[in-house]
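Take the position in the sequence shown, starting the count at 1, then add 145; the result is the number in the working numbering.
Here the structure is laid out as structure tokens; the discussion comes afterwards.
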Amino acid sequence: MRHESFDGARGCYIEAALSVIAGKWKGVILYHLIGEPKRFNELKRSFPELSHRILTRQLRELENDGVISRKIYPEIPPKVEYSLTDLGRLLEPSLLSLEGWGVKYIETTRYSRNCQLDKAE
Numbered sequence: 146m147r148h149e150s151f152d153g154a155r156g157c158y159i160e161a162a163l164s165v166i167a168g169k170w171k172g173v174i175l176y177h178l179i180g181e182p183k184r185f186n187e188l189k190r191s192f193p194e195l196s197h198r199i200l201t202r203q204l205r206e207l208e209n210d211g212v213i214s215r216k217i218y219p220e221i222p223p224k225v226e227y228s229l230t231d232l233g234r235l236l237e238p239s240l241l242s243l244e245g246w247g248v249k250y251i252e253t254t255r256y257s258r259n260c261q262l263d264k265a266e
């Protein structure tokens, strides 16, 4: 669909959405939270190249944006789980659509920078 003129409101909506998921790790963090809560170390193991500090910052930003929640269990050792909020779950179709687009993009362009693809796929 071609837009004949710039629609400021629509552009604002896209910018608002991208401001929440923009960043190297936010999209994949959200993707990993689809379906079930994850503990910090579960997420950390999913991204071994991601530092503890950066993961903490990205999780805090996503929590501040209202798309994930952090639940602290009163036990020793402390247990903290991260999950998508109702607002965050609304991103699921978009994240899955982006994943599908990414597959096509990689197949079409042979893009490989920083992608660790499962050889079984």
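The C-beta atom is built at its ideal place from N, Cα and C for all residues, glycine as well.
Because the structure is a prediction, the values reported are computed rather than measured.
Cβ distance (whole Å) where residue i is taken to contact residue j below 8 Å
i: L207; j: K171; result: 6 Å
i: L235; j: L175; result: The pair is not a contact, with the Cβ atoms about 11 Å apart (cut-off 8 Å).
i: S228; j: L178; result: 6 Å
i: L204; j: F192; result: Contact flag wrong, Cβ pair sits at about 12 Å.
Same chain, Cβ closer than 6 Å to residue i, five either side skipped, listed in chain order
i: W246; result: none
i: R184; result: E226
i: Y218; result: K224
i: K216; result: E226
i: V173; result: none
i: E187; result: none
i: I166; result: G172
i: N209; result: none
Same chain, Cβ closer than 7 Å to residue i, five either side skipped, listed in chain order
i: G211; result: T230 and L232
Residue i - containing alpha helix (DSSP H), residue span
i: R215; result: Per DSSP, R215 belongs to no alpha helix (DSSP H); it is in the beta strand (DSSP E), I213 to Y218.
i: W246; result: E237 to T254
i: L207; result: H197 to N209
i: K171; result: K171 to H177
CB contact check: residue i to chain B, cutoff 9 Å
i: G247; result: Chain labels in this structure do not include chain B; a single protein chain is all it has.
Where the beta strand (DSSP E) containing residue i begins and where it ends
i: G226; result: One detail in the question is off: residue 226 reads as Glu in this sequence, not Gly. Run containing E226: K224 to L229, per the beta strand (DSSP E) assignment.
Residue(s) in a DSSP beta bridge with residue i
i: R184; result: E226
Contact set for residue i: own chain, Cβ-Cβ below 8 Å, skip 5 residues either direction
i: E181; result: S228
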